[in-house]
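What follows is one structure encoded as structure tokens, with my remarks underneath.
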Amino acid sequence: MDTPQIQATICPVCSSELHFSNYENYSEATPLDKLFWGRSNIHATYALLLFGKGNSTQKILHTLKYKDRSDLASYMGSEIGRRIEQLTKFQDLDALIPVPLHPKKEFLRGYNQAEKIAEGIAEILRIPVNTQLIKRAVFTESQTKKGRLSRWDNMQDRFVSSRNKGKTLKHIALIDDVVTTGATIETCMQILRKQFPEIQISIISIAVAQ
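Mapping of the sequence shown onto numbering that gives the first Met the number 0: position 48 corresponds to residue 47, and the numbering continues sequentially without gaps.
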């Protein structure tokens, strides 16, 4: 699906042109790759859109999280899948792991937007979605206005791992709606590597903060 078709599909959500990252065309490190340099060992990253205050990406994310638009989250996941399915760095994925919501927050919202994004990607890539390995243990306030250190402090001990009863995972992708400071992703990575020390971890999101 090309850009005009995508815009036509979600035009009620945004009032301006979509800010695509075009990361699938990069031959060198992307800004999302560089966000984790010197912090975490990450196999590959991808974000479909660029997030900026007040831009169309922010409106899309707000809509799919707070306006009962789980279909939009799934649709954006499918678009991500179409754009990365030919990229070699994502072709050996064993599972997609959405960043979990606390059960209370998921109940109030009606769904976990990261899980819906993962389901959209999975439909294209034919990769299972695993929602059992990481659980949100503590209900946290919104991270939106926090800086990196505050987000990191707010994430400590907020997640727990569940024992994997299936096959050994060698390469997984963590799925989230937006990556800002990376604190949530790093915390999830720590949880996973306690259970799978040699695992390769990639990151896929709808958006990355500029």
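Ideal Cβ placement from N, Cα and C applies to all residues, glycine included.
Keep in mind that this is a model prediction, so the values were computed, not measured.
Which same chain residues, not among the five before or five after residue i, have their C-beta less than 7 Å away from its C-beta?
i, result
"I203", "Y45, I79, I120, A172, I174"
"D67", "G109"
"E105", "N111"
To the nearest angstrom, report how far apart residue i and residue j are at their CA atoms.
i, j, result
"I198", "H42", "10 Å"
"H61", "E27", "31 Å"
"T130", "K52", "30 Å"
"I83", "F89", "7 Å"
"S14", "L63", "Because the pLDDT at S14 is just 43, under 50, the model does not fix this residue reliably, and the value given afterwards should be weighed accordingly. Going from the Cα of S14 to the Cα of L63 covers about 15 Å."
"E23", "D32", "13 Å"
"Q57", "E118", "21 Å"
"L191", "I205", "22 Å"
Identify which residue in the options has its Cα closest to the Cα of residue i.
i, options, result
"L47", "L34, L17, K66", "L17"
"V177", "K169, F19, A113", "A113"
"G37", "S69, A208, R192, E185", "E185"
"K134", "F50, Q189, G181", "Q189"
"S201", "S20, F35, S69, Y25", "F35"
"S39", "C187, F50, D70", "C187"
"I96", "S20, L168, N21", "L168"
Excluding the 5 residues preceding and the 5 following residue i in the sequence, name in chain order all residues of the same chain whose CB lies nearer than 6 Å to its CB.
i, result
"L92", "I126, H170, A172"
"S73", "K115, E118, G119"
inquiry  = Could you tell me which whole alpha helix (DSSP H) segments of length 4 or greater appear in the segment 46–98?
reply    = 55–65, 69–83
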